[in-house]
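First residue of the sequence shown? That's 311 in this note's numbering, and the numbers climb one at a time after it.
Input: a single structure, listed below in structure tokens.
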Amino acid sequence: MEPSEIVLTIPGSPEFLRLARMAAADAASRVGLTYEEIDDLRIAVDELCFAVMGEDGTGAPLTLVYQIHPGAVSVSGSCPGGGLAPVQSELSRTIVAAVVDEHELGQREGTRCFRLLKRGTEQEANATG
311 MEPSEIVLTI
321 PGSPEFLRLA
331 RMAAADAASR
341 VGLTYEEIDD
351 LRIAVDELCF
361 AVMGEDGTGA
371 PLTLVYQIHP
381 GAVSVSGSCP
391 GGGLAPVQSE
401 LSRTIVAAVV
411 DEHELGQREG
421 TRCFRLLKRG
431 TEQEANATG
């Protein structure tokens, strides 16, 4: 499978996060992730998108890039932050760390951003063994 990319821009408001979750589920199903792995990815995307948007929900556009790789999906997201770094609760950090293989959340040049990687169990087994 050739890597491919899906780009989605949504208003930076929580009611539009379902679109981000749907795109995550679609990308994950295309690489053969299990139902549980798809749900894990959806949870992580939701948590990180909310952290990047901020609790203020200013409506600044949130741009997501889903990259499809053999047996894995990577997602990056960015939203203008007005100079404020993204805030993520300890519970949210714990949840995201439990459901994806890699993730980071931060700020670059005034833009709040995140990156995550979710591998399928078959890919994890090949990577460790």
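Heads up, the beta-carbon is just placed ideally off N, CA and C, and yes, glycines get one too.
A quick note: this is a predicted structure, and the numbers were derived from the prediction, not measured.
- In the three-state scheme derived from DSSP, where H, G and I count as helix and E and B as strand, Ala395 is classed as coil.
- By the criterion of at least three beta-carbon pairs nearer than 8 angstroms, the region 331 to 340 is not in contact with the region 414 to 422.
- From the listed residues Glu412, Gly391, His379, the smallest Cα separation to Ser339 is found for His379.
- In the three-state DSSP reduction, Val375 falls in the strand class (E or B).
- For Val317, the uninterrupted beta strand (DSSP E) run begins and ends at 314 to 322, by DSSP.
- Taking C-alpha positions only, Ala361 is separated from Gly342 by approximately 28 angstroms.
- In terms of Cα proximity to Gly393, the closest of Leu358, Gly416, Ala408, Glu346 is Gly416.
- As the crow flies, the alpha-carbon of Leu372 is around 8 angstroms from that of Pro390.
- Each residue's CA atom was taken as its position, placing Glu400 and Val409 some 15 angstroms apart.
- Within the model, the alpha-carbon separation for Val385 versus Tyr376 is close to 5 angstroms.
- When rounded, the separation of the alpha-carbon atoms in Glu432 and Glu347 is 11 angstroms.
- Glu414 and Ala382 have their C-alpha atoms spaced approximately 17 angstroms apart.
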